[in-house]
Ligand SMILES: Cc1ncc(C[n+]2csc(CCOP(=O)(O)OP(=O)(O)O)c2C)c(N)n1
Ligand SMILES: Cc1ncc(C[n+]2csc(CCOP(=O)(O)OP(=O)(O)O)c2C)c(N)n1
Ligand SMILES: [Mg+2]
Ligand SMILES: [Mg+2]
């Protein structure tokens, strides 16, 4: 994709963030209109984390994701239409409609899967890192986990295993302030997750998750460490979500008055990145508008495709339990 | 037991340590002679930890133990004969012979059980602490865990839960240098466990596990914190074991040349405590000799009883799966 | 004076009443209060614990996402004087707390030779139908029923949900309480006063003479539909709802099979080492002489639950499959004689 | 040129040969190398991985006690090009890694619509007899067999252990490999060259005409003893060893029952939703017409494993119980005709 490569990297990041944002805002509307089945956890507001981290990765690096996985998938290069079909449970979905939003995976893109179990994907990512190490490649693996998921034993164990085996893995905590309706003030006792990494010898930093360049730079450092044999790192990224925990589930009564409005007006990572691109002259507003138009079209086409796509063949119910013989 | 109460507390501690030591050395010999069934993990060398911690506890406080549980049980006041019968699988054992060495429990003594699963008892201890809190007693609960078990997710999660619920629980890590044949140099990356407590807000200290007074004092501080509503603490106690991981299992080839000899000659917690008692005049050697004689008799009687005790009634196979109706 | 509640409300009422009756009952799980916002305001619970915290502020707790720790804490609390009701949310999450169920809760009484027990309830949402995909739709009760020391409860109606929850809380042993997510808003008459539906007693929810259908959980409804259709063609099915899969009321099942001579088991769980084959195997062993034809099982396939609605709708057994199974086991001759 | 190995050696040989044949095979678990002392010296592994590290220093790893992480890592590694063989030690410890088996390994291929898989082997010691108590003696394969997406292997002899381990490593799907601790030092002829015993193919380990005994794992030996005793009284049993409980070679079982008319299933697992009732239920469904008497199952009781030797010795099925079960199902008339 030479054209893509010639674009300024920070504009590519913009495109990624914008794609996630539009994808998610659109899904929110589609869900409200009743057109989307299943459990949909929107990522809007946290785009800088996925976009910043994946900007530091190569195509053949790995990411393991969470239940809130659309952003990671898009940032890792998954096809937006195939994702939209998947979320609608249609044939042609990136997982044939069998996975849905919580299980979007695309191993050809190094996307090891969204995961329905909090921190469930973290050990998988450690395993992909082991695989890279044993096969002698310089691939790096990223494990995304939420602030809530960071309390899971599997996360703590994976930090230890990664340290002991010196795995090329980057743990990315997405601290969005809540686990469902429970605030980090309660479930993290108001603390950062970074010290948990440090405690087991994993270099850990707290990162402003609204600042995509800060995320990318922190990720680049961690990825370089991993690629050069320095082992695991942890990024503790802070960025709250715009929407509720899950579409159709919560009224966000647990969020303070005006919290979301303030978030959108003061901590919109996309607006922050846009302002920077324009201010430092990396991009002109026309250029960004062009990206916006392309993204709008892309997402629109994806929704149109998803609506008209056929359902999976009912025979699919029984395939893929085991490898075909 | 007024007589016991009038004894100097540090001589009571001596008695506890001595009882554990003699119990374990004797079991080692009995096992070698072929008289003991099952998996027996000896505690000798680490006596100061159990004795020091339990010296800071009240009778109705709780402890949850590990697979290496004899020391905790003795220190918490379990009957030595009933334990010996249990380890031999005999009727009259503290668990009717159904538990064995790895499952010695005595709820009347606050001994919630040895545990066959690494860190398996840690959450139970947190639960006993919750129970005390809800019932409005000032009971405190202790969770023992090995250095190896400290890598288990259940341990990490319990630290978090105890912090968030502010439970009256004391986590006691027994870092004896090894998990089976694997050294902490490998599986803890050469680190202490204490920082893991600190990372989640649990006050944590490293303690010389060969010094029973140091252990008791650290435990007393943690117990006082718990009893007064200050929540959980962690003690990271260092003391290596004298014997192999499990009787009949390992030749300790993984231990350095002379390691065990040095341990016995330089880091014998019982010798250290004895020297101190004699040096500061708390006890005279005749007094300690008298304790030794009593302990020897106690353990000898326990072995004799265990040898001659009847097997459980075969009908016991099917009882206690559920409460009798 | 009948009163109608949803299944969800019935469970909530049982929790509230039992907490009122017994001060040692505590309830916890993720968002069981309903969360705490960044400014400290409490949220509202979504499920059966809604409103409980207002009534029992000292006995309902939120937890961090630490299932191994809090399920284990339920065991430790139960062994030391409380009666905890812990919430797994989806039963699928039992995976992260499984040691505490398998090795701690289930075995504590036995390993202590009866000198202690773990009277706790583990609540768990189960079942297909809500488009939640493979990791949020499992049945899994066969896994728990396999484990000695556990009791496993599967209410199929609001009234049973209330009575069985009361029984589960009062039971001296650990009980896994399965709440079918597609039944939460089903409605039925539920007595207002506290009552107990004993564990281990099946209900004959429809009497019949030609074929016994044993159905579990949501499958009781499916069996009812099938039985209604079959009745139209003169085949009268007797439906037995075991209500608890462990302990299992085998006598009621055997007695029914002795009356009808035929057995179809309808079970939403996966087939291998599942509840359907368990019941089929028990009948083949203990009521063989009563059988006048092969046992039939109707279950989900040996496959994870697919996400796509069209696939998921074909996953759990349907009334049509049950009708076909009954027809296959009840010989045509009998069907005709019966009509 | 026969060569005799122990079951333990046979597994070790399979691991070594498959590692030699396929550079993507890696092996890990606690003390799989054999530990590292404080001064950095490596120890010696106790079990089947003994000596492997010397031959394949870059592909055998020790792990910290982090089963959730390292079993999950096996899944992630398997999905990205390796063929990991992870060691749970005792199958009882599956509890702390169960999510990674249940929700990750087993479902990965399905959720990805076949675009990825998790070709891993999970080794697990199982069974009663070693005086290890309730948390170190379980069978648990029915729990794994229940889960779609997993394969579950139960070798009963050294030769099968080698061939099935080779098959498990080469299989594209996750396989749980059960090693009975009381068989480790059993001996048998084992061919030297690498070979594969296909998953899903039962073995008729003793031909007979009067009663089919399906026996699993260590129970194959027990069934042999029982059959020998019964042969002395003129009852000829056919013993079928399924070798893998998932997939299950039902055809061989049904064919045998069609020949003998009688079925006894001998299974060391607990009875409820277990392997014995599964097989009994399948036969009652698919080979009912061949049955000339009730199916019988002989299993461990619905109880945890007791520690006390005298109790534990009564826990797993004995040859005497199998003999009694066969006698109970094969009518005396037939026994006499047969003699
Ligand atoms: C082991 C487990 N427990 C509970 C849940 C239910 N659950 C789904 S998302 C969620 C909150 C996760 O919070 P966090 O990790 O912070 O991610 P976020 O939703 O904020 O992105 C919970 C509790 C789950 N999926 N897995
Ligand atoms: C979850 C789990 N994994 C593995 C084991 C096997 N095992 C028994 S003891 C042990 C080592 C434990 O080491 P540590 O916690 O340091 O205790 P120590 O034996 O040194 O007292 C292991 C790995 C176990 N019992 N539980
Ligand atoms: Mg969060
Ligand atoms: Mg240790």
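Chains as they are written, first to last, in the working numbering: chain H, 644 to 968; chain F, 644 to 968; chain L, 128 to 466; chain W, 128 to 466. All C-beta atoms, glycine included, are put in the ideal place defined by N, C-alpha and C. None of the values given here were measured: they were computed from a predicted structure.
Inset, instruction - Using a Cβ cut-off of 8 angstroms (strictly closer), state whether residue 671 of chain H contacts chain L. - result: Indexing the first chain from 1 puts residue 671 of chain H at position 28. For residue 671 of chain H, no CB of chain L lies under 8 angstroms from its own CB, so it is not counted at the interface with that chain.
Legend entry - Spatially closest choice to residue 218 of chain L from H:828, H:862, H:745, H:760, by CA coordinates: Against the third chain, residue 218 of chain L aligns to sequence position 91. The candidate whose alpha carbon is nearest that of residue 218 of chain L is H:760.
Legend entry - Under 8 angstroms between C-beta atoms of residue 353 of chain L and residue 396 of chain L: Within the third chain, the letter at position 226 stands for residue 353 of chain L. Within the third chain, the letter at position 269 stands for residue 396 of chain L. For the pair residue 353 of chain L and residue 396 of chain L, the CB atoms are not nearer than the 8 angstroms cut-off.
Inset, instruction - Quick one: residues with CB closer than 7 angstroms to any heavy atom of ligand 3, in chain order, please. - result: Residues flagged by the Cβ proximity filter: H:789, H:790, H:791, H:817, H:818, H:819, H:820, H:821, H:822.
Inset, instruction - Answer with yes or no whether the minimum CB distance from residue 963 of chain H to chain W is below 8 angstroms. - result: Taking the first chain and counting its residues from 1, one reaches residue 963 of chain H at position 320. It does; some Cβ of chain W falls within 8 angstroms.
Inset, instruction - Can you give me the Cβ contacts of residue 660 of chain H inside the same chain, cut-off strictly under 8 angstroms, excluding the 5 residues immediately before and after it? - result: Along the first chain, one-based indexing puts residue 660 of chain H at 17. Scanning its chain for C-beta atoms nearer than 8 angstroms, with the 5 sequence neighbours on each side dropped, one finds around residue 660 of chain H the residues 690, 691, 694, 855, 912, 913, 916, in chain order.
Inset, instruction - Examine ligand 5 and report whether any of its heavy atoms sits within less than 7 angstroms of the Cβ of residue 795 of chain H. - result: In the structure shown, ligand 5 is absent; the only ligands present are ligand 1, ligand 2, ligand 3 and ligand 4.
Inset, instruction - Please list, in chain order, all residues of the same chain as residue 312 of chain L whose beta carbon is under 8 angstroms from its beta carbon, the five residues on each side excluded. - result: In the third chain, the residue the question calls residue 312 of chain L occupies position 185. Excluding positions up to five away in sequence, the list reads 133, 134, 135.
Legend entry - Cβ shell of residue 158 of chain W (< 8 angstroms), same chain only, five flanking positions each side left out: Translated into the one-based positions of the fourth chain, residue 158 of chain W becomes position 31. Closer than 8 angstroms at the Cβ level, and outside the excluded window around residue 158 of chain W, lie 170, 172, 173, 189.
Legend entry - CA nearest to the CA of residue 238 of chain W, picked from H:811, H:740, H:710, H:769: Along the fourth chain, one-based indexing puts residue 238 of chain W at 111. For residue 238 of chain W, the nearest C-alpha among the options comes from H:740.
Inset, instruction - Could you please give the first and the last residue of the uninterrupted beta strand (DSSP E) stretch that includes residue 280 of chain L? - result: Numbered from its first residue, the third chain carries residue 280 of chain L at position 153. For residue 280 of chain L, the enclosing beta strand (DSSP E) begins and ends at 278-280.
Inset, instruction - Starting from the C-beta of residue 1009 of chain F, find all residues in its chain whose C-beta is less than 8 angstroms away, skip the five residues before and the five after it, and write them out in chain order. - result: With chain F running from 644 to 968 in the structure shown, residue 1009 of chain F is simply not present.
Legend entry - Cβ of residue 364 of chain W within 8 angstroms of any chain F Cβ: As a first step, residue 364 of chain W is located in the fourth chain; it is residue number 237 there, counting from the start. Answer no: the Cβ-Cβ gap between residue 364 of chain W and chain F never drops below 8 angstroms.
Inset, instruction - Report yes if the CB atom of residue 941 of chain H is closer than 8 angstroms to the CB atom of residue 662 of chain H, and no otherwise. - result: By 1-based counting over the first chain, the position of residue 941 of chain H is 298. By 1-based counting over the first chain, the position of residue 662 of chain H is 19. Between residue 941 of chain H and residue 662 of chain H, the C-beta gap is smaller than 8 angstroms, which places the two residues in contact.
Inset, instruction - Measure the Cβ-Cβ separation of residue 403 of chain L and residue 424 of chain L and say whether it is below 8 angstroms. - result: The count along the third chain starts at 1 and reaches residue 403 of chain L at position 276. The count along the third chain starts at 1 and reaches residue 424 of chain L at position 297. When the beta-carbon positions are compared, residue 403 of chain L and residue 424 of chain L come within less than 8 angstroms of each other.
Inset, instruction - List the DSSP bridge partners of residue 133 of chain L. - result: Residue mapping note: residue 133 of chain L aligns to position 6 of the third chain, counting from 1. Looking at the DSSP output, residue 133 of chain L shares a beta bridge with L:314.
Inset, instruction - Please confirm whether residue 752 of chain H and residue 712 of chain H have their CB atoms less than 8 angstroms apart. - result: The residue labelled residue 752 of chain H in the question sits at position 109 within the first chain. The residue labelled residue 712 of chain H in the question sits at position 69 within the first chain. No, they are not a contact pair.
Legend entry - Neighbouring residues, chain L, relative to residue 954 of chain H (Cβ below 7 angstroms): Within the first chain, numbered from 1, the residue matching residue 954 of chain H stands at position 311. Simply 435, 437.
Inset, instruction - With 9 angstroms as the limit, tell me which residues of the region 843-856 of chain F have their beta carbon closer than that to any beta carbon of chain H; keep them in chain order. - result: Cβ contacts with chain H: 843, 844.
Legend entry - Local conformation of residue 880 of chain H per DSSP, three classes: Taking the first residue of the first chain as position 1, residue 880 of chain H is located at position 237. Note: residue 880 of chain H maps to strand in three-state DSSP.
Inset, instruction - Could you name the residues of chain F that residue 777 of chain H contacts, counting a contact when the two beta carbons are closer than 9 angstroms? - result: Within the first chain, the letter at position 134 stands for residue 777 of chain H. Within chain F, no residue comes near residue 777 of chain H; the closest Cβ sits about 18 angstroms away, beyond 9 angstroms.
Legend entry - Proximity winner among W:198, W:340, W:199, W:450, relative to residue 406 of chain W (alpha-carbon distances): Translated into positions along the fourth chain, residue 406 of chain W becomes position 279. Of the candidates W:198, W:340, W:199, W:450, the residue whose Cα lies closest to the Cα of residue 406 of chain W is W:340.
Inset, instruction - Measure from the alpha carbon of residue 203 of chain W to the alpha carbon of each residue in H:828, H:860, H:926, H:775, then state which is nearest. - result: Sequence index remark: in the fourth chain, residue 203 of chain W carries index 76 (1-based). In this structure, H:775 is the residue among H:828, H:860, H:926, H:775 with its C-alpha nearest to the C-alpha of residue 203 of chain W.
Inset, instruction - With hydrogens ignored, establish whether the beta-carbon of residue 273 of chain L is closer than 7 angstroms to any heavy atom of ligand 2. - result: Stepping through the third chain from its first residue, residue 273 of chain L is reached at position 146. No.
Inset, instruction - Determine the closest residue to residue 884 of chain F out of F:786, F:790, F:724, F:736, with distance taken between C-alpha atoms. - result: Taking the second chain and counting its residues from 1, the one referred to as residue 884 of chain F is at position 241. With distances taken between Cα atoms, residue 884 of chain F lies closest to F:790.
Inset, instruction - For residue 874 of chain H, decide whether its Cβ has a neighbour in chain L, counting only Cβ atoms nearer than 8 angstroms. - result: Locating residue 874 of chain H in the first chain gives position 231, where the first residue counts as 1. Look at residue 874 of chain H: its C-beta is not under 8 angstroms from any C-beta on chain L.
Legend entry - Exposed unless 16 or more other CB atoms sit within 10 angstroms - verdict on residue 199 of chain L: Position 72 of the third chain holds residue 199 of chain L. Counting every other CB atom within 10 Å of its CB across the protein chains shown gives residue 199 of chain L a total of 16 or more, marking it as buried.
Legend entry - residue 148 of chain L, buried or exposed, once every other Cβ within 10 Å from all chains shown has been counted against 16: Locating residue 148 of chain L in the third chain gives position 21, where the first residue counts as 1. Exposed.
Inset, instruction - Taking only runs that begin and end inside the region 318-387 of chain W, name each unbroken beta strand (DSSP E) of 3 or more residues, in chain order. - result: Qualifying beta strand (DSSP E) stretches, in chain order: 330-333, 338-342, 364-368, 371-373.
Inset, instruction - Closer than 6 angstroms by C-beta to residue 718 of chain F: which residues in its own chain qualify, once you throw out the five before and the five after it? Chain order, please. - result: The sequence position of residue 718 of chain F within the second chain is 75, counting from 1. Counting only Cβ-Cβ distances below 6 angstroms, and skipping sequence neighbours, we find 659, 693, 694, 697.
Inset, instruction - Kindly indicate if chain W contains any beta-carbon less than 8 angstroms away from that of residue 159 of chain L. - result: As a first step, residue 159 of chain L is located in the third chain; it is residue number 32 there, counting from the start. Contact of residue 159 of chain L with chain W is not assigned, every C-beta pair being separated by 8 angstroms or more.
Legend entry - Expected contact under 8 angstroms - CB spacing of residue 306 of chain W and residue 131 of chain W to nearest Å: On the fourth chain, position 179 is the one that residue 306 of chain W refers to. On the fourth chain, position 4 is the one that residue 131 of chain W refers to. Incorrect: roughly 18 angstroms between the Cβ atoms, too far for contact.
Legend entry - beta strand (DSSP E) segment containing residue 424 of chain L, residue limits: As a first step, residue 424 of chain L must be located in the third chain, where it is residue number 297. First-last of the beta strand (DSSP E) with residue 424 of chain L: 423-426.
Inset, instruction - Indicate whether the contact test is met: 3 or more Cβ pairs, each with one atom in the region 649-658 of chain H and one in the region 834-853 of chain H, closer than 8 angstroms. - result: The region 649-658 of chain H vs the region 834-853 of chain H: no contact.
Inset, instruction - Go through its chain and collect everything with a Cβ distance to residue 644 of chain F's Cβ below 8 angstroms, but skip five positions before and after it. - result: Here residue 644 of chain F refers to the residue found at position 1 when the second chain is read from its first residue. Confidence is the limiting factor: at residue 644 of chain F the pLDDT is only 38, short of 50, which leaves the residue's position unreliable, though a coordinate-based value still follows. The beta carbon of residue 644 of chain F lies closer than 8 angstroms to none in the same chain, with the five residues before and after it left out.
Inset, instruction - Would you please state the rounded distance, in angstroms, between the beta carbons of residue 810 of chain F and residue 772 of chain F? I believe it to be under 8 angstroms. - result: Numbered from its first residue, the second chain carries residue 810 of chain F at position 167. Numbered from its first residue, the second chain carries residue 772 of chain F at position 129. Yes, residue 810 of chain F and residue 772 of chain F are in contact; Cβ-Cβ is about 4 angstroms, under 8 angstroms.
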